[in-house]
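A.B. asks: Pasting a structure below so you can have a look.
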Amino acid sequence: MNYIIVDTYKELSKKAANIIVSQVTLKPNCVLGLATGSTPLGTYSNMVEKYNAGDVDFSKVTSFNLDEYVGLDSLHNQSYRYFMNENLFSKINIKKEKTFVPNGMAENLIEEGKEYDRLIESFGGIDLQLLGIGIDGHIGFNEPDKVFTAETHIAELDDSTIKANSRFFNSEKDVPKQAITMGMKSIMRAKKILLVANGKGKKDILEKAIYGPIDPMIPASILQLHPDVTVIFSKE
Ligand code: F6R
Numbered sequence: 156m157n158y159i160i161v162d163t164y165k166e167l168s169k170k171a172a173n174i175i176v177s178q179v180t181l182k183p184n185c186v187l188g189l190a191t192g193s194t195p196l197g198t199y200s201n202m203v204e205k206y207n208a209g210d211v212d213f214s215k216v217t218s219f220n221l222d223e224y225v226g227l228d229s230l231h232n233q234s235y236r237y238f239m240n241e242n243l244f245s246k247i248n249i250k251k252e253k254t255f256v257p258n259g260m261a262e263n264l265i266e267e268g269k270e271y272d273r274l275i276e277s278f279g280g281i282d283l284q285l286l287g288i289g290i291d292g293h294i295g296f297n298e299p300d301k302v303f304t305a306e307t308h309i310a311e312l313d314d315s316t317i318k319a320n321s322r323f324f325n326s327e328k329d330v331p332k333q334a335i336t337m338g339m340k341s342i343m344r345a346k347k348i349l350l351v352a353n354g355k356g357k358k359d360i361l362e363k364a365i366y367g368p369i370d371p372m373i374p375a376s377i378l379q380l381h382p383d384v385t386v387i388f389s390k391e
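Basically the working numbering = 1-based index in the sequence shown + 155.
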């Protein structure tokens, strides 16, 4: 595991964007796995800057997002589809029909999960997966549990996740209690993984995940088994 520590969020965001842009430069038709949340925002704005400067072309890229809240449609301003459209997809030349986010409004969420995995598989899997980490150690919405779940599945969000994410909603009770999330199989089959985390609040859980025992109660610890993981942590 390549563990890079930088001082500022700005440096983290630049480095992460450089890694993603290099991936797209090396393989223009690559498959990117993308994350939402506040940590990747700076990465996405740096990617947009590079696109505006003419340094990268996303027209052949396909993307798969990690997760979506159950019950929020694409027009809800806290849905992850909305987040991605606003912060990245509408600002670069990726083809909208090549951007995939699980559908949290699907009538049959179990089928939706199976279909999502089939779709990822049909594109040959993910080349580079971007991840954040939750304060409970989750990646995607793979929450602490007795086992790691392989497939895309419905996750009951932990109280700590609901609390942490309530900052984006009017109140804690507005945060959906469930999400549909990519499972560990598609994440771990990604050829490369880039995990970004910032601030004191993430350091302990990040280091437990990197250096502690591999334990489904700390979902990100499974990344220790992956051959090509880069972690960028910024102190602020
Ligand atoms: C979101 C996701 C989550 C976040 C994590 C950290 O798509 O997969 O695992 O990466 O909750 O969120 P922030 O960056 O808001 O601290």
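Backbone N, C-alpha and C define an ideal beta-carbon position, used for all residues, glycine too. None of the values given here were measured: they were computed from a predicted structure.
So is the beta-carbon of Gly-289 under 7 Å away from any non-hydrogen atom of the ligand F6R?
C.D. replies: Yes, the ligand F6R has a heavy atom inside 7 Å of this Cβ.
A.B. asks: Please give me, in chain order, every unbroken run of the beta strand (DSSP E) with length at least 3 that falls completely inside the stretch 296-331.
C.D. replies: Counting only runs of 3 or more, we get 308-311.
A.B. asks: Quick one: Cα of Ile-128 to Cα of Asp-359, how far?
C.D. replies: In the structure displayed, the chain extends from 156 to 391; residue 128 sits before or after that span and is not available.
A.B. asks: Which residue's Cα is closest to the Cα of Gly-268: Leu-285, Phe-219, Lys-250 and Pro-299?
C.D. replies: Among Leu-285, Phe-219, Lys-250 and Pro-299, the Cα nearest to that of Gly-268 is on Phe-219.
A.B. asks: The alpha helix (DSSP H) with Lys-394 in it runs from where to where?
C.D. replies: Residue 394 lies beyond the residue range present for the chain, which begins at 156 and ends at 391; the question has no answer from this structure.
A.B. asks: Does the pairing of the stretch 161-181 with the stretch 189-200 give three or more beta-carbon distances under 8 Å?
C.D. replies: Verdict: yes, contact present.
A.B. asks: For Gly-192, which of Phe-255, Ser-234 and Ser-177 has the nearest alpha-carbon?
C.D. replies: Checked all of Phe-255, Ser-234 and Ser-177; the closest Cα to Gly-192 is Ser-234.
A.B. asks: Round the Cβ separation of Val-216 and Val-176 to the nearest angstrom and send it over; I've been treating them as touching at under 8 Å.
C.D. replies: Contact flag wrong, Cβ pair sits at about 11 Å.
A.B. asks: State the start and end residues of the unbroken beta strand (DSSP E) segment that holds Leu-286.
C.D. replies: 283-286 is the span of the beta strand (DSSP E), which, as asked, contains Leu-286.
A.B. asks: Just mark Leu-181 as buried or exposed, buried being the case when its beta carbon has 16 or more other beta carbons within 10 Å.
C.D. replies: Leu-181 comes out exposed.
A.B. asks: Rounding to the nearest angstrom, what Cα-Cα distance links Gly-209 and Lys-328 in this structure?
C.D. replies: About 43 Å.
A.B. asks: What residues in its chain sit with their C-beta under 8 Å from that of Gly-367, if we drop five residues either side in the sequence?
C.D. replies: Within the same chain, Gly-367 has close Cβ partners Ile-373 and Ser-376.
A.B. asks: Quick test of your reading: Phe-303 and Ile-247, contact by CB under 8 Å. State the CB separation rounded to the nearest angstrom.
C.D. replies: 33 Å between Cβ atoms; not a contact.
A.B. asks: DSSP on Thr-198, reduced to helix/strand/coil?
C.D. replies: In this structure, Thr-198 counts as helix in the three-state DSSP scheme.
A.B. asks: Mark Asn-232 as exposed unless 16 or more other C-beta atoms lie within 10 angstroms of its C-beta, in which case mark it buried.
C.D. replies: That one is exposed.
A.B. asks: Is any heavy atom of the ligand F6R found at a distance shorter than 7 Å from the C-beta of Tyr-235?
C.D. replies: For the ligand F6R, at least one heavy atom lies less than 7 Å from the Cβ of Tyr-235.
A.B. asks: State yes or no: is the C-beta of Gly-192 nearer than 7 Å to some heavy atom of the ligand F6R?
C.D. replies: Yes, the ligand F6R has a heavy atom inside 7 Å of this Cβ.
A.B. asks: Using 10 angstroms around the beta-carbon of Arg-322, count the other beta-carbons present and answer buried if the total reaches 16, otherwise exposed.
C.D. replies: Its Cβ having fewer than 16 others within 10 Å, Arg-322 is exposed.
A.B. asks: What residue range is occupied by the uninterrupted alpha helix (DSSP H) comprising Val-179?
C.D. replies: Start and end: 164-181.
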